[in-house]
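Those protein sequence lines, which keep their order, are chains A and B.
The letter at position 74 of the first sequence is residue 76 when you use the working numbering, and the numbering goes up by one with no holes.
The letter at position 9 of the second sequence is residue 52 when you use the working numbering, and the numbering goes up by one with no holes.
The structure under discussion appears below in the form of structure tokens.
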Amino acid sequence: MILISAFMSGLIFGIGLILSGMTDPAKVIGFLDVTGSWDPSLAFVMLGAIAVAYFAFRIATRQSKTILGETIALPAKKEIDTRLIVGSITFGIGWGLAGYCPGPAIASIATNASEPILFSAAMLAGMAIYEVLQKLMPSS
Amino acid sequence: MINWAEFTPLNSLLGGMLIGLAASMLILLNGRIAGISGILGGLLTAKGNDTNWRLAFLSGLIVAPLLYGAVHALPAVTINAGNTTIIIAGLLVGIGTRYGSGCTSGHGVCGIARLSPRSIAATCIFILAGVVTVFLARQLDW
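Right, here's the structure in full:
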């Protein structure tokens, strides 16, 4: 049952990304191009998503288990540390370079374009590099 | 200046609401945050049952364009980045999202929806970094 709900969540997430236009890198870069020809669409995607998810997270924070009996895992960290700042800057640079963030890239793998596959492979390699660095320098 | 020709407020709002619905399902049924970088990156160290739900979610995400395309033509996409830029960008996104504990979905949607100060800060930072990157790329005619 939890595998069906996870699959359905991924499917609806992907359809939302496609409908919203976020699988088009040019549209994402258009949002980041505030000093040029600005396309505010991405802000509307976030607005719609947050407005719906807000209620779900309000319910989730008051419970420890889901109706399927799964433990609700919410991040406990509160402080804005160097890792968060440096990591977010690194991610933002990569996002601005190609116009892909993780969701839209993966939701574009099964299309005719080869770039999402290349991007996703490089992204997974980057995640693997992170894991190796964590093992070598656990404190960083 | 706003690019009115490309601006799609209604589709983007509706698509966003579907993303919010998906994130709601995952937290209320599976108890998990719909952060794509965390779900994918977690696969590298996940053990046993922790692997299966991640693969199920990612399968749904991968299948989405096939289902969408069966009902309606997929929106046109324009990819201006060359393969070298794509690879560099992918590496930066992979390392950065893991180091910063999240991406547009985990911080930008789920984190802001639960009013997490860390996620609000992260989202402001990666949008700003993206804006500066696009600005510099435009200046350098990348």
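We put the beta carbon where it would ideally sit given N, CA and C, even for glycine.
{"Item": "Buried versus exposed, by CB contacts within 10 Å (16 or more), Gly173/B", "Value": "buried"}
{"Item": "7 Å Cβ cutoff, Arg64/A in contact with chain B", "Value": "no"}
{"Item": "Which listed residue (Phe33/A, Val88/A, Tyr56/A and Gly101/A) has its alpha carbon closest to that of Ala66/B", "Value": "Tyr56/A"}
{"Item": "Under 7 Å between C-beta atoms of Ile95/A and Leu135/B", "Value": "yes"}
{"Item": "Distance between beta carbons of Thr121/B and Asp26/A, contact taken as under 8 Å", "Value": "6 Å"}
{"Item": "Any C-beta of chain B under 7 Å from that of Met139/A", "Value": "no"}
{"Item": "Element boundaries [alpha helix (DSSP H), containing Gly111/B]", "Value": "With the sequence shown as reference, residue 111/B is identified as Tyr, and Gly is not the correct amino acid for it. Where Tyr111/B is concerned, the enclosing alpha helix (DSSP H) stretches over Asn92 to Val114."}
{"Item": "C-beta contact flag for Ser43/A and Gly23/A at 7 Å", "Value": "yes"}
{"Item": "Proximity test, Thr25/A beta-carbon vs the ligand NAP heavy atom, cut-off 6 Å", "Value": "In terms of ligand content, the structure shown is empty, and the ligand NAP therefore cannot be addressed."}
{"Item": "Straight-line Cα distance separating Val134/A from Ala156/B", "Value": "32 Å"}
{"Item": "Within 7 Å, strictly: CB atoms of Gly98/A and Ser148/B", "Value": "no"}
{"Item": "For Ile45/B, three-class secondary structure by DSSP", "Value": "strand"}
{"Item": "Given Ser90/A as reference, the closest of Leu158/B, Lys90/B, Leu109/B and Ile163/B once Cα atoms are compared", "Value": "Ile163/B"}
{"Item": "Residue-level contact to chain A via CB, Thr127/B, 7 Å cutoff", "Value": "no"}
{"Item": "CA nearest to the CA of Gly103/B, picked from Ser110/A, Ala124/A, Arg85/A and Ile119/A", "Value": "Ser110/A"}
{"Item": "Reduced DSSP secondary structure (H/G/I, E/B, other) of Lys67/A", "Value": "strand"}
{"Item": "Own chain residues within Cβ distance below 7 Å of Val175/B, not counting five before or after", "Value": "none"}
{"Item": "Sub-7 Å separation of Phe169/B and Phe93/A beta-carbons", "Value": "yes"}
{"Item": "Simplified DSSP assignment, three categories, for Thr73/A", "Value": "strand"}
{"Item": "Thr94/B at chain A interface by Cβ criterion, 7 Å", "Value": "no"}
{"Item": "Distance, Gly151/B Cα to Thr51/B Cα", "Value": "19 Å"}
{"Item": "Glu117/A classed as buried or exposed, judged by whether at least 16 other C-beta atoms fall within 10 angstroms", "Value": "buried"}
{"Item": "Counted within 10 angstroms of its Cβ, other Cβ atoms place Lys199/A as buried (16 or more) or exposed", "Value": "Given a span of 3 to 142 for chain A in the structure shown, any question on residue 199/A remains unanswerable."}
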